[in-house]
Structure formats: C-alpha cells, structure tokens
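Input: a single structure, listed below in structure tokens.
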Amino acid sequence: MYASDKINLRNSCFLFTGIVALFFSFRNIYGEDIGFHLHAGRWMMENFSLPPNDIFTYTTEGIKYIDLNWIYQLLLYGIYSLAGSAGLILINSLFISGALFFLYKRISCRLPAASADSYFSSCIFLLAVFAVSPLFEIRPHSVSWLLLCVTLYILQKHYEGNEKIIRWLPLVMLLWVNMHSLFILGLVALGCYAVSVYWKEKKLSKTFLIYGSASLLVCFLNPYGLNGFIFPFEQAVALKSGNVFKESIRELQSPFSAHLYEGGFFHALFHQWIFFDLFTVIAFLSLIVGYKKRKLHEWLLFLVFFYFAFSAVKNTGYFIFAVTPIVILGFIREKKVTTKLKQAKLSFAGNYFKQFSVAFILLCLLLIFFIRSNALYIHYRASYRFGFGWSNHNLPVKATEWLLKNNVRGKILNQMDYGGYLEFFTNQKVSIDGRVDFMGEKNFNEQVNAEGDAQKQNLLDKYNPDIIIFSYFVTPEWIVFLQKQFNWRLAYVDGNAAVYLKNDFANIVPPLSEQSLLSSVKNFSNEEIDSLMHEKKNASVASLLFHRQYFPDEEHNLIAFCFYYGWMNAAKQFSANAFLHAASAYPEMYQNLGSVYFQLKDKNRSLFCYEKYLSERKNEQVQQRVEFLKSLN
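Quick look at the structure:
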C-alpha cells in the first residue's frame, strides 16, 4: 500500500472519530452553569456594562464580582436569542470540534507517513474522545480546550522552526483572558516551551521573547486589570484541598477518589469514567515506552497537566487535550527499521492497514447510532441524552414552566444546581447558584450543607422564602423536614423537582394530593400491571441502532417521592408506566415494583419482581427480602 493511501485511510479514521465526538456533543442541555451565563449575558446587553457586583442572588448582594467570562456570556446569550437551545448546543459543538481539529493537527504533522504504528494513533484518539466526552456540557471549559489546543499548536510549530506563527499567540491570550479564568493554562504552556527551548538552545530567540512577553502582558487587558489577572490564583486558593467545596462537590474532587470506585471493581469497570482511567494508564505506558524521545517541554506538559487533572474531575479534559499527541507519538517508531524481522512485522501490519481502517470506521458508525439512540448513555446510566433541547432530568425545566404558567413569583430558596436556570428563566434572584468560589464557604455551608432540621429551620428564619424548590432525589432530607412543617404545602412535583409554597402565599394554588398526581399518568389495574411485568421486553439490535431508547429515570424518581409520602397506589402506577414506556425491561424497574408490592404486602408479586431483579444484579438487601418473603407461610 502506498504511503499516500495510508495517510488517506488514517485521516478518514481521525475524521470519523471527530464525527463520533460531534454526536457526543449533541446532547440536551443539562449543565447547571448555563443559566447564570445566559443571565449575565442578558444583563450586559440590557445595561451596556459589566455587572459591578452580584446580580444573581439575594444572599450575596453587594459583593464585588469579577466576571472573566463576559465575552463568552455575551456570545452565548446572543446565540440563544437568535437560535434557542439548538444554537447553544451547536456553538458548544463548534468549540469542541475546533479543539479536536487542532489536536489532530498537532498529531498528524508529526506522524510518519508510512508507519505501521498508525494503528495506535486512531485508537488512542478515539479513546481520548471517550475519556473527555462526560465533560461535553455547555460551559467555558470548551472554549478553553479550543484555545489551549491553538496555543499548543502555535508553540509546537514555532519549536519546529516556524518563527512567524508565534505572532498569533498574544491575540489568542487576549481573547482567552476575556472568556475564561483558565487563560492561565496558556501561560503555563508557554512557560513549559520556554524552559525547553532554553534548555536546548541555551537562549531564547528575540521573536520568542517579544511575543511571549506580549502574551503575558495582554492578560492584564481585561476589565479588571491586575485583579482579573490574579483571579485564577484566588480561585485555586478558594478551591484548595480540604475545603468544603472539595468535600461536597464531585467535580472538584480527584478523578481517582475512592467515591468513584464504590461498589467494587465490576461497578467501576462499567462506569463511563473507566475510559479516563484507561487513557491515563496508556499515557503513562507511552511515557515508559518512548521516554528517550520525549522533549523537555513534553515532560513538563505531561506532569503539570496530569497534576491539574489529578486535583479535580472537571480538569481532566485539559490533561487529555494537552497530552494526547505525546501519548500517541510515544508508540511511534521514528528510526529506520533495519532488521528483516522488524521489516516483516511492519509489512504484515501494513498489508492489513486497509482492513483495520474499514473496521475502525464501521465501529465509529455503530457508536454514532448508539449515541443517537441513547443506548450508549443508558448502558452507563448517564444522565444526559442526545438532543437539542433542555434536560428536565438535571434542570427544573418543567417546574419552572409550572411557576411561570401559574404566575408564582416570590422569594425562592433553591437547590444550588437549580440556581442558574431559575435566575435566567424566572428573571429574578435566587438564594444560591453554581458560582461556588464566589458564594463563599459560609454561604455554601449554610444552604447546601444544611442537613439537620435545626439548620434548615434557621435557614428559613433567616431568609423567609415564599418558594422552596429542590431535587428531592438528590436531597430527600428536605422532603422529611417539610412534611413536619405545618406552614408549608407541597404544590408541585415532577420526575426531578418538588415545589413547596408557604401556606399564606399564592393561596390560589392548591396543595398537591395523590389523586391529582395520578391524574397526570395512565392508571392500570393489577391484572394489566401483571401483563406488563411478565412481558419479555428486550430491545433488538436494530432498535438500539435506529430507535430512540427511553430509560424511565423520571418515573423511578417519582416512585421514590411517593414512598416518602406513603402514596403507594401512585408509586405502583408510576412503576407500571415505567414498564409501559421503557425500551427494555431494565432490572431497576423490577426492583422498584418489587419494593412497591413489598410495602403493599403482596408477597407473590413482590417475590416475582425481586427474583427477576436478582437474576441480573446482585443486591444484599433485596436478597434478604427474598429470603424473608420465602419464609412466610
């Protein structure tokens, strides 16, 4: 096979990997930060200025606010005004695709044309996409990935002899410092190359000094000057190891923390973060295999960005984008092969390169279909889904619509993850949002870590809210607390959020009852439920490929909510609806329905459901219930 044919096939593999990444990025909006970014963009457009202090929450009013995301927020709000949620998803996809394009450029320009080792390049590139894909939500990180890849591409080309290209670096840094506080990573990359160049040449060229210095100085050209430049360092201190944010928020914890591996090795193996673990193992293996070929800046980039990723889950994407070329090139033979045995091995590998490429492209096509149908997401029980709208699974979409429809406006006490969405769509202040470094530990502890009844009561007394809205599945202790409060009533619940209103507020809205909740779903007799739970319902391969799959997350959440209220008939009906709508008979459905029948003291139906569940999953508590049921006469 000619070298040009190999290059074309290799590029095709990279292209289809990029398309897989594109489909990964086409997902319903689920990130909690998007709301306050849109809210800030709208405020700036309406007021033609930057927010001087907190405009988002009533609990931090008057506190000075540094907003280095201002260009990103203006861009986001402008696109949303023109193209809605689909526009937001597409612009985020464009940022991610741009980052992958420059990542590909950094790899392809250094790959030998006829190398049989090219098998590694496309496989590792695909693994890198899988490893970073859980972070594809809409947030400024996608912009920073793009600008980091552009920065590393410029620095690498300059290192290889292109003197003029570094002139673009100050412009990149000027844009970066006004879009995201992690512009500091660009300066880190610049420093790694500066050390490497000096080590190699014993001096820095005049061009490098001029444009490197300019890249540093333009970072002060932000609306806050020196305060804006040092803001990332203040963030790093605020989020240092051991503080309350690190202990409470998963994305601020290490990707290798013990929490991720709870449930044993088997559970971790089928968790979506297993791809990052695998990428990390291969990355270190690449360092060992190709340590003689590594330049000093590559060692520095690897170590610095690995430390950055090790510190927090949300930073893992920067490590992947920074080191993927280093990982791939570690497995590439750069020296001329001389022995006949090695030539024979390369010839054998080269003969099957076309077949490998075709198989790789077919794999990418299968992955695209599985992503589009949501089968891949459901397999890993991920919360996001393919689409171009808003996700009610993570955000209070339906609850906010209910508030607006019923014109329920008042002082809101909310779960932190809901703050941004509520700010933007209700256009009013909330109690807390996702800007944790700005909220402060005291405010965070007061609201997010208010676990006891006394703490919750103090919170209500201090802020005197009219509305309480939270994800009852995430914070079920609020259900228990509010059930004991005679001056609060449950007004609304869906598959994600619950809304409680003060009894002397919005009296036109009645309390929610089990009967009114049941009116929103189809109701079944016991015989009809028996038919549903005995039905052999398994999705075919064709269905997994071509039809959108549905996993009953919202029904399962509502079942749990009904358990807290003792609404067992409603719990049974939501279980039946889960069987009706689900693409397959998932084990969790049998576990939930078994628990419903267990509470209803229906031994035979409960035993059937529990045994069906145990045929696919292990669960000590369920096993104990089965043994108890069998012991009954």
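Mapped onto the working numbering, the consecutive letters of the sequence shown carry residue numbers 25 to 657. Glycine is no exception: its CB is placed at the ideal position from the N, C-alpha and C atoms.
Assignment of Thr450 by DSSP, reduced to helix, strand and coil, places it in the helix class.
The Cβ-Cβ distance between Asn520 and His605 does not fall below 8 Å.
In this structure, the beta-carbon distance from Ile58 to Gly464 does not fall below 8 Å. By the CB criterion at 8 Å, Leu309 and Arg318 fall outside the cutoff. The alpha-carbon separation between His571 and Ser397 amounts to approximately 6 Å.
Under the rule that a run must span 4 or more residues, the alpha helix (DSSP H) segments found entirely inside the region 117-179 read 142-156. Between the alpha carbons of Tyr342 and Val219 lies a distance of about 20 Å. Counting only the Cα atoms, Thr499 lies some 23 Å from Val646. About 6 Å separates the beta carbon of Lys453 from that of Thr81, a gap short enough to meet the 8 Å contact definition.
Counting of Cβ neighbours within 10 angstroms places Asn246 among the buried residues, the total reaching 16 or more. Note on geometry: alpha-carbon atoms of Leu240 and Val517 lie some 51 Å from one another.
Across the structure, Tyr217 and Glu322 are spaced so that their CA atoms are roughly 8 Å apart. Under the three-state reduction of DSSP output, Trp414 falls in the strand class. In the three-state reduction of the DSSP assignment, Thr81 falls in the strand class, which pools E and B. Distance between Ile90 and Pro256, taken at the CA atoms: about 11 Å. Check the Cα spacing between Ala346 and each of Ser619, Leu325, Trp297, Ser555: the tightest is with Leu325.
Looking at the DSSP output, Ile491 sits in a beta bridge with Ile436, Leu525.
In the structure shown, the three-state DSSP call for Ala515 is strand.
Proximity to Val565 across Tyr524, Ala607, Phe154, Glu551 peaks at Ala607, based on C-alpha coordinates.
Ser407 sits away from Ile436, with the two beta carbons spaced by 8 Å or more.
Here Glu161 is buried, its C-beta having at least 16 other C-beta atoms within 10 Å.
For Asn581, the enclosing alpha helix (DSSP H) stretches over residues 577-589.
Membership of Lys546 in any alpha helix (DSSP H) is not indicated, and neither H nor E is assigned to it by DSSP. Taking the Cα of Pro535 as reference, the smallest distance to any Cα among Phe412, Gln507, Ser415 is reached at Gln507. Below 8 Å, enough C-beta pairs join the region 27-46 and the region 146-165 to call them touching: three or more.
By a beta-carbon distance limit of 8 Å, Ile402 contacts Gln573. Their separation comes to about 6 Å. Taking all protein chains in view, the Cβ of Lys226 is surrounded by fewer than 16 other Cβ atoms within 10 Å, so the residue is classified as exposed. Residue state for Ile273 is assigned as coil, using DSSP reduced to three classes. Your pair Ile493 and Ala423 checks out as a contact, with CB atoms roughly 6 Å apart and the cut at 8 Å.
For Asn581, the CB contacts under 8 Å within the same chain, skipping 5 residues up- and downstream, are Tyr496, Phe497, Gly519, Asn520 in chain order. Counting of Cβ neighbours within 10 angstroms places Asn628 among the exposed residues, the total staying below 16. With fewer than 16 other Cβ atoms from the protein chains shown falling within 10 Å of its own Cβ, Ile87 counts as exposed. As computed with DSSP, Arg51 is found in a beta bridge with Phe410. Taking 8 Å as the cut-off, the Cβ atoms of Arg66 and Tyr101 count as close.
The beta-bridge partner set that DSSP reports for Lys88 consists of Asn77. Excluding its 5 nearest sequence neighbours in each direction, Lys480 has C-beta neighbours in its own chain below 6 Å: Ala474, Phe505, listed in chain order.
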